[in-house]
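K.L.:
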Amino acid sequence: MKSFLSRTAREIEPYTAGEQPADRRYVKLNTNENPYPPSPAARKAYETFDFSSLNLYPSLTMDALRENIARAEGVAKENIFCGNGSDEILALCFPAFFDSDGEGAAFAEITYSFYPVFCDFFKVKAHTIEMEEDLSLDLAKLTAAKAQGVLVANPNAPTGIGIPLDEMEAFIRANAARVVIVDEAYMPFFNQSAVSLVKKYPNLVVVKTFSKGYSLAGMRCGYAVADPALIDGLERVKDCFNSYPVDRVCQAVCAAAIADKSYYNERNAIVVSERERVSETLAKKGFTVLPSKANFVFAAHKCLSGRRVYEELRARGVLVRHFTKPKIENFCRITIGSPEQNDALFAALDEIL
Numbered sequence: 001m002k003s004f005l006s007r008t009a010r011e012i013e014p015y016t017a018g019e020q021p022a023d024r025r026y027v028k029l030n031t032n033e034n035p036y037p038p039s040p041a042a043r044k045a046y047e048t049f050d051f052s053s054l055n056l057y058p059s060l061t062m063d064a065l066r067e068n069i070a071r072a073e074g075v076a077k078e079n080i081f082c083g084n085g086s087d088e089i090l091a092l093c094f095p096a097f098f099d100s101d102g103e104g105a106a107f108a109e110i111t112y113s114f115y116p117v118f119c120d121f122f123k124v125k126a127h128t129i130e131m132e133e134d135l136s137l138d139l140a141k142l143t144a145a146k147a148q149g150v151l152v153a154n155p156n157a158p159t160g161i162g163i164p165l166d167e168m169e170a171f172i173r174a175n176a177a178r179v180v181i182v183d184e185a186y187m188p189f190f191n192q193s194a195v196s197l198v199k200k201y202p203n204l205v206v207v208k209t210f211s212k213g214y215s216l217a218g219m220r221c222g223y224a225v226a227d228p229a230l231i232d233g234l235e236r237v238k239d240c241f242n243s244y245p246v247d248r249v250c251q252a253v254c255a256a257a258i259a260d261k262s263y264y265n266e267r268n269a270i271v272v273s274e275r276e277r278v279s280e281t282l283a284k285k286g287f288t289v290l291p292s293k294a295n296f297v298f299a300a301h302k303c304l305s306g307r308r309v310y311e312e313l314r315a316r317g318v319l320v321r322h323f324t325k326p327k328i329e330n331f332c333r334i335t336i337g338s339p340e341q342n343d344a345l346f347a348a349l350d351e352i353l
């Protein structure tokens with residue numbers, strides 16, 4: 001039978017998302033969601049939203065949301081671009097900043113696995129930079145890559161390793177002749193954001209999300225901070241796909257959430273504290289744990305394979321993420337949950353080990 005699919009649809013290898021089971025009895029530590037609910041301000045914005053307004057399209061310019069983001073980030077509204085999650089914004093970066101017949105995009109060989117998918121989909125050449133033996137990234141090697149632009153996840157996923165701001169600025173300065181996209185999905189747990197450098201470096205795009213630090217993964221909203229010329233490029237590309245990517249409810253809730261920084265700072269500080277407790281406990285149980293600056297840890301046991309750890313934990317009702325990629329096949333990525341969820345992880349591991 002004739003296939004009506006395009007060659008792209010037939011041949012592309014799509015991104016594989018983490019498991020989202022309908023059974024809520026699982027201790028879910030596999031997709032890096034925040035264990036705490038959104039802020040009271042976000043909840044109030046949701047509960048008081050004018051439902052009757054949903055017959056109208058959402059704001060094209062998203063002024064209220066962009067103004068609150070700009071205020072929180074210390075930039076102008078013109079420096080802000082909003083989208084349907086940071087994944088959409090990262091996707092739009094490819095047609096906005098990379099040519100299909102250009103020198104391509106460079107990024108780490110072990111990083112957010114959407115990057116090579118976007119390269120494949122948008123026909124952009126991918127340059128992957130080999131990791132160091134400790135799974136860190138040598139930024140000098142990334143700078144040496146002959147590419148139209150570079151992407152860096154900071155902290156990196158799935159390793160959790162972070163790059164301090166002074167090192168990131170030196171890297172951005174060394175790549176001043178091309179676009180630098182810094183994916184800061186996990187920055188709320190590191191506090192070394194490059195947003196402060198946007199006014200200084202017109203080649204810099206910082207991409208953030210409401211999913212992790214703001215406990216709004218179910219809302220699907222992200223934003224980019226960049227020079228207005230780069231923001232204009234994202235806007236032009238966005239309007240070739242979807243002029244209304246962020247719905248009315250989402251705009252209202254996220255605008256309220258980002259204005260409630262004290263609530264999230266307190267909750268994310270608990271996550272950071274638990275991250276250190278989880279890292280120390282796993283090390284005592286025989287795991288090698290990479291130094292994480294995110295809301296997860298990347299750990300490999302000295303005796304059990306990563307696949308075995310994943311399967312045994314799943315059988316006991318605890319979900320973690322296992323990757324089959326070479327160099328990291330013995331690691332599991334474990335989201336930092338609430339203290340109670342983390343204790344459940346420890347109890348399950350005690351049964352296994």
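Sequential numbering from 1 applies to the sequence shown in UniProt numbering.
No residue lacks a Cβ here, since even glycine has one placed at the ideal position from N, Cα and C.
#1: What residues in its chain sit with their C-beta under 8 Å from that of F287, if we drop five residues either side in the sequence?
#2: Within the same chain, show all residues whose beta-carbon is closer than 7 Å to that of D219, passing over the 5 residues directly before and after it, in chain order.
#3: Straight-line CA distance for residue 365 to V198?
#4: Let me know the secondary structure DSSP gives G149 once reduced to three states.
#5: Give the secondary structure of R333 by DSSP, where H, G and I count as helix, E and B as strand, and everything else as coil.
#6: For F81, which residues does DSSP report across the bridge?
#7: I need the DSSP call for F287, collapsed to helix, strand or coil.
#8: For A106, which residues in the same chain have their Cβ closer than 7 Å to its Cβ, ignoring the five residues on either side in sequence?
#9: So what's I216 in DSSP terms, helix, strand or just coil?
#10: Please report the distance separating the alpha-carbon of A91 from that of T335.
#11: Decide if the region 225-240 is in contact with the region 74-86; the criterion is three or more beta carbon pairs, one per stretch, under 8 Å apart.
#12: Which ranges does the beta strand (DSSP E) cover as unbroken runs of at least 3 residues, wholly within the region 33-116, from first to last along the chain?
#13: Could you give the residue range of the alpha helix (DSSP H) that holds V209?
#14: Are there 16 or more other CB atoms within 10 angstroms of the CB of residue 358, so buried, or fewer, so exposed?
#15: If you draw a straight line from the C-alpha of F323 to the C-alpha of N156, how long is it?
#16: Would you check if there are 3 or more beta carbon pairs closer than 8 Å linking the region 274-282 to the region 339-350?
#17: Run through DSSP, which three-state label would R321 get?
#18: Hey, E312 and I352: beta-carbon distance below 7 Å or not?
#19: In its own chain, which residues sit with a C-beta less than 7 Å from the C-beta of S243, not counting the 5 before and 5 after it?
#20: Would a C-beta distance cut-off of 7 Å place L230 and V205 closer than the cut-off?
#21: Taking only runs that begin and end inside the region 136-189, name each unbroken beta strand (DSSP E) of 3 or more residues, in chain order.
#22: Do G337 and P38 count as a contact pair if the criterion is CB distance below 7 Å?
#23: Following the continuous beta strand (DSSP E) through V297, name the residue where it begins and the one where it ends.
#24: Quick one: Cα of F49 to Cα of N32, how far?
#25: Do N268 and F189 have their CB atoms nearer than 7 Å?
#26: Does the beta-carbon distance from A256 to A70 come in below 7 Å?
#27: Buried or exposed for C240, please, with buried defined as at least 16 other CB atoms from any protein chain shown within 10 angstroms of its CB.
#28: Looking only at C-alpha atoms, which of F51, N84, R24, I181 sits nearest to L216?
#29: Are there 16 or more other CB atoms within 10 angstroms of the CB of D101, so buried, or fewer, so exposed?
#30: Could you say which of V289, D350, M187, N191 lies nearest to V318 if we only look at CA atoms?
#31: Look at the alpha carbon of D134 and the alpha carbon of G306, and state the distance between them as a whole number of angstroms.
#32: Please determine, among P40, S113, N295, the residue with the shortest C-alpha to C-alpha distance to L29.
#33: In this structure, how does DSSP classify A17 when only helix, strand and coil are distinguished?
#34: If you reduce the DSSP assignment to three classes, tell me which class K327 lands in.
#35: Whole angstroms is fine: what's the gap from V182's alpha carbon to K2's?
P.N.:
Taking the geometry as given:
#1: A299, A300, H301, K302
#2: The question names Asp, but residue 219 is Met in the sequence shown. Here the set comprises F210, C250, V253, C254.
#3: Outside the modelled stretch of the chain, which goes from 1 to 353, sits residue 365, for which no answer is possible.
#4: strand
#5: strand
#6: A224
#7: strand
#8: H127, I129, L142, A145, A147, V150
#9: In the sequence on display, residue 216 carries Leu and not Ile. Looking at L216 - three-state DSSP - the assignment turns out to be coil, as it is neither helix nor strand.
#10: Spanning the two alpha carbons is a distance of roughly 25 Å.
#11: yes
#12: Residue ranges of uninterrupted beta strand (DSSP E) with 3 or more members, entirely inside the region 33-116 and ordered along the chain, are 80-83, 105-108.
#13: Here the sequence assigns Thr to residue 209, which means Val is not the residue at that position. Here T209 belongs to no alpha helix (DSSP H); instead the beta strand (DSSP E) covers 204-209.
#14: Nothing can be reported for residue 358: it is not among the residues displayed for the chain, which extend from 1 to 353.
#15: 15 Å
#16: Yes: the two stretches touch, three or more of their Cβ pairs being nearer than 8 Å.
#17: strand
#18: The beta carbons of E312 and I352 sit closer together than 7 Å.
#19: L60
#20: Yes, the Cβ-Cβ distance between L230 and V205 is below 7 Å.
#21: 149-153, 179-183
#22: no
#23: 296-301
#24: 28 Å
#25: yes
#26: No, Cβ-Cβ distance for A256 and A70 is not below 7 Å.
#27: The residue is exposed, with fewer than 16 neighbouring Cβ atoms inside 10 Å.
#28: Nearest neighbour of L216 by Cα position, chosen from F51, N84, R24, I181, turns out to be N84.
#29: By the 10 Å Cβ count, D101 comes out exposed.
#30: D350
#31: 17 Å
#32: N295
#33: Look at A17 here: in three-state DSSP terms it is coil, with no helix or strand label.
#34: coil
#35: 43 Å
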